[in-house]
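In this text, residue positions in the sequence shown follow the UniProt record's numbering: the first is 1, and each later residue adds one. From the three backbone atoms N, C-alpha and C, an ideal C-beta is built for every residue, glycine too. Input: a single structure, listed below in structure tokens.
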Amino acid sequence: MLHQGAGRARGGLPSLLLGRRFDLWASLPWSFSSMSVESSSRQSGGNSQTIHELWEEYFSGPSQWWDNRNRKGNPRAPDFKHKVTGEALWIDGWYTPEWVKEKFQLVARVGLRPDATCNTKRVERAAQGKRQAKDNDGKLVTACESARALGQIVEGGGNMHVQSVNSLSEALVVLKNRLQRGMIIYSYMYVDVLKRCLEQKDLLAAKQVHDCIIKSGLERNDYVVSNLLRVYIGCGRLEEARHVFDGLVKKGAGSCNKMIAGYLDYNQAEDAMGVFRQMHEEDVQPNAGTYMIILKACASLSALKWGKEVHACIRHGGLKSDVRVGTALLGMYAKCGSIQEARRIFDNLMDHDIISWTVMIGAYAQSGDGKEAYRLILEMEQDGFKPDAITYLSILNACASAGALEWVKKVHRHALDAGHELDVRVGNALVHMYAKSGSIDDARVVFDRMKVRNVVSWTVMIGAYAEHGRGHEAYDLFLQMQGEGCEPDAITYLSILNACASAGALEWVKKVHRHALDAGRELDVRVGNALVHMYAKSGSIDDARVVFDRMKVRNVVSWTVMIGAYAEHGRGHEAFDLFLQMQGEGCEPDAITYLSILNACASAGALEWVKKVHRHALDAGRELDVRVGNALVHMYAKSGSIDDARVVFDRMKVRDVVSWNVMIGAYAEHGRGHEAYDLYLQMQGEGCEPDAITYLSILNACASAGALEWVKKVHRHALDAGRELDVRVGNALVHMYAKSGSIDDARVVFDRMKVRDVVSWNVMIGAYAEHGRGHEAYDLFLQMQGEGCEPDAITYLSILNACASAGALEWVKKVHRHALDAGRELDVRVGNALVHMYAKSGSIDDARVVFDRMKVRDVVSWNSMISGLAQHGLGQDALEVFRQMAAHDVKPDGFTFVAVLSACSHAGLVEEGLSQYLAMTQEYGIEPDVSHCNCMVDLLGRAGRLMEAKHFIDSMAVEPDEATWGALLGSCRTYGNVELGELAAREWLKLDPENAATYVLLSNIYAESGNWDMVSGVRTMMRERGIRKEPGRSWIEVDNKIHDFLVADLSHPECKEINENKDKLIEKLKAEGYIPDTRLVLKNRNMKDKELDICSHSEKLAIVYGLMHTPPGNPIRVFENLRVCTDCHTATKLISKVEGREIIVRDANRFHHFKNGVCSCGDYW
């Protein structure tokens, strides 16, 4: 019997701890034996405490106690005496626990007289049931009937002990009163109050106790300090804990163990290992518990290097024979994947127990060596050890983590044969393991076979269904669970709510909520939090708030979930109000709370809120948290406050790669490329390795700065770091090189990419298309299909754009067929692109077919069709489609009316155009922009109503642009209005003095009016200003190849044959009455040379080549970069008649369909 104090009651009556039941090793994993004292139980009424707890409470440092048992002359003298605090310990002579002998056998046998004596008479009277007694101060105290309460009468004083009061605040008052009166406060008193502080997480009270400890002079007591450390660590105050720990002059294993365990609880393994090393530096002898804690940490972190260091210390410290330490070593090596070393430890253990067998078997199972694990099970049985439930649990857990389903099934059969499947724990583990391995049906078979099922069984099975998206079965099982009378616990509710989430079933959530309400589980903070989350996830924010408001206990998770729900659903104001309420109720936000409220600020776009949250985080010390810092940088950047973002970034003591990425991305997004690039260089200088996101951000910054050299430097760095192989970085590099005009560099990166996704192909094809390299784009599209990469909608848009730039109708048709086979034609974007491309390639009929087949059409679809018809001069058809658009209730936009007005312009429908212009503004409320006005100027000018066009320009609500004056100047040339043409040219040159078209049109006006001096003057002005006319260029597609021609082109391989055929064709045309219009030749040359020039225009050469290489009767499609001249227009009409061919010419303004000597434009272009 153990009792503690300054004296001992007569007649063997203990002064403290009477009646405790001691269960030796009951709480330890390596033994299940127990021992008890029957007489103590009878006296105490069955109060109990494990010997392990008692040891932790009183004997954490055996070397600090004097053992007086063999030196006592006076029976009242204590058996043990603490060297520092003077605390005394008695052991009844008739009972001496073996563990005490073992623990104290090495303690120095030096006697020490007790410091105080016990008022034995008062204690005896209390034990005999007398209810009141006076202490030395004459005050009354209430005697306790139980032996435990006798220990609450303080020897020598009689004042109330801290254990006799119920509340923590009252216990603090008792401590302070004793301290003020100079009375002895024993270490166990402090420990009792500290335990209450830990239970209530009351940091303020703990600091008050700490102050009392210092005043009592016990701040170096390892036993007291160990418990003080537990409180600070439990409250998350590691810095205070370390300060207390460092204040110990002589540290014990107990305090060191607490400090190590504390660091590990907060994932600060480096610091934990530092304390362990400090123990050796300060000659503090680690005990078995120390090694077990630190080895467990090494195992969980897979820190093999540290584990080996600890192993060396164990060998040096002589504890290698300890079976518990040996088993911990075995577990560490196994967890770190060093199976051979684990097996060596296992084989060298002097005595194997069931735990060591279990750990070794589990190690093999976890490493995937199921065969050896199973063999070891059989060997274990041969060695006389029968696997128990714990063995099976350990092995099954290891097999599940290794994904060794096959060997799990073997272990299952073994457990079945041994009758262990009926054990509810093994059954639960099998259900969990099968579920974890994805074998849900096997899990259900085990579940259904279990004769006894507890709440864990149901919860595991429900959770398995929930995790694998089988919400209906989870819900059915939840109902069955209730039907069989098993009461769900908090974890069950969490699991079934998760199942409701996967099924998106709000009604189920409400039913589960009602059940939880009836069972009183809604009050459980975890269940409440889950309900709030589920209602929020289902979009029922108000129901979530109702649950939140009803919660009697709310933790930081509760507030964070509710704030996050408001933030996610764009209700920033309510989120911010709740954040303020949270502070008002004294709940300290954590990092996740700050992330949620900052997200709410983002949705509300409230920079002032961000600043308030920032100040609060600053006051709470949360700005230093890297996640909060990153969020603040992001929020300031998102709000456009880049400089504030940089201030936060610079203040962050710890920055991870995300921090750098967010700041670099912020600079890039706001066009501050130089600062982004400087920060990128600083990042490398500080040794932070960029990731894929970093490269994407910095390449985006390079794009905004247009800095090709930066791109190349970043590229080299990515290459050195092996990041070029990342498909996202590769795609970004291709895009950046292409954007910078360096297409060949883009292709080099593309070709080096080992992995390419559809984006890679799209970017490269798009780059070729954008830079007019249609052939290469088309070849790459074919290669893409050859390599088995399926094009998406973007691919089709890019390749169709490439076909358009090349004017390759055959390519368009092939791409169309491929899109049709892949089912992509139904995609509205692809359909729109096809309509646009067919129209742009001259095949308006094919465009109409695609348009009519589209099941879904948006405003872009209608606009593309109307615009295509307008470009082909089919004004009435375009207006008909516009009317159909209105009939389909599709509201036209500004682009629609640009197409409609263009159609009226090209078809000469002046009155219709004026009517549509008025309808646009009056019926549809669309304010005209410069594009609409330009169409009106072109409409009036083409009709010869030049002064009306000029008046319209003067009345425009928007400023005229180059196209406005260009349209008027073109009309002046058509109708020979020199004066108005000069005015239009002057206005155009004010806006764009380098545009060659202005000079050419003005020169043509002068030439047609016969004013050759002015023609010469314009040409001189062009030379002086270094302005060159863009050469006429025409091209034609023959056999999937584009052939380009310039005026009087001699570069084509077949130029000789082309010119011979051209001369023959001109003779045929002359026979039909064709007279070359030499007025268009502005050079002062003889008539023959002028005729030669006019007959060698690029479009005539392209048409001749088409006649040479296309079958008779097939249409010929020619594209040119300038407006078709009158001579070529006249000649082409005659060619269509003479050769019996349809010739389709797309010039800079529109399409001309020539057939049987007639043009679709009606000579109105």
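Item, Value
"Cβ-heavy atom distance, S1003 to the ligand NAP, below 8 Å", "Only the bare structure without any ligand can be found here, which leaves the ligand NAP out of the picture."
"Complete runs of the beta strand (DSSP E) confined to the UniProt domain \"DYW\" (1073-1165) [at least 3 residues]", "1116-1120, 1143-1146, 1151-1155"
"Selection from K891, V512, I765 that minimises the alpha carbon distance to G925", "K891"
"Per DSSP, cross-strand counterpart(s) of S742", "Note: S742 sits in no beta bridge, so no partner."
"Buried or exposed (CB count within 10 angstroms, at least 16 for buried), T921", "exposed"
"Collapsed DSSP secondary structure at R1028 in the structure displayed", "coil"
"Cβ contact (3+ pairs, closer than 8 Å) linking the stretch 1151-1165 and the stretch 1083-1101", "no"
"Cutoff 7 Å; reference G842; Cβ partners in own chain excluding five residues on either side", "L809, R1117, I1144, R1146, F1151"
"Proximity of Y493 and V527 at Cβ, strictly below 9 Å", "yes"
"Complete alpha helix (DSSP H) runs within the stretch 226-274 (minimum length 4 residues, chain order)", "238-246, 253-265"
"C-alpha gap between V225 and I233, whole angstroms", "12 Å"
"Whole-Å CB distance - A847 paired with V835, under 8 Å assumed", "5 Å"
"Buried or exposed by the 16-neighbour rule on C-beta atoms within 10 Å, applied to M380", "buried"
"Coil, strand or helix - D192 by DSSP", "helix"
"Given 8 Å, three or more beta-carbon pairs between the stretch 913-920 and the stretch 947-954", "no"
"CB contact flag (Y1105, I1042, <9 Å)", "no"
"Given 8 Å, three or more beta-carbon pairs between the stretch 977-987 and the stretch 962-969", "yes"
"Of the listed residues H775, D745, E790, nearest to N762 (C-alpha basis)", "E790"
"Unbroken stretches of the alpha helix (DSSP H), 4 residues or longer, contained in the stretch 864-910", "875-887, 894-907"
"Beta-bridge partners of S1034, as assigned by DSSP", "F1045, E1120"
"Distance between G463 and V456 (C-alpha atoms, nearest Å)", "10 Å"
"For F548, the first and last residue of its enclosing alpha helix (DSSP H)", "541-550"
"Local conformation of D1063 per DSSP, three classes", "helix"
"Cβ-Cβ distance between H614 and L595 below 9 Å", "no"
"Span separating the alpha-carbon of S367 from that of M292", "22 Å"
"Same chain, Cβ closer than 6 Å to residue 1166, neighbours up to 5 away in sequence not counted", "Nothing can be reported for residue 1166, as the shown portion of the chain is limited to 1 through 1165."
"For G977, the three-state DSSP class (helix, strand or coil)", "The sequence as given places Asn at residue 977; Gly does not occur at that position. Coil."
"Simplified DSSP state of A923, which is helix, strand or coil", "Going by the sequence as given, residue 923 is Glu instead of Ala. Coil."
"With 16 other Cβ atoms within 10 Å as the buried cut-off, status of L918", "exposed"
"Residues near N832 in its chain [Cβ-Cβ closer than 6 Å; skip 5 each side]", "V860, S861, S864"
"Completely contained alpha helix (DSSP H) runs for the stretch 276-330, where each covers 4 or more residues", "288-301, 304-317"
"Cα-Cα separation between G337 and I345, rounded to whole angstroms", "14 Å"
"Host alpha helix (DSSP H) of R514 (start-end)", "506-518"
"Identity of the residue in H316, Q268, D961 nearest A303 by Cα", "Q268"
"Extent of the continuous alpha helix (DSSP H) to which A847 belongs", "844-853"
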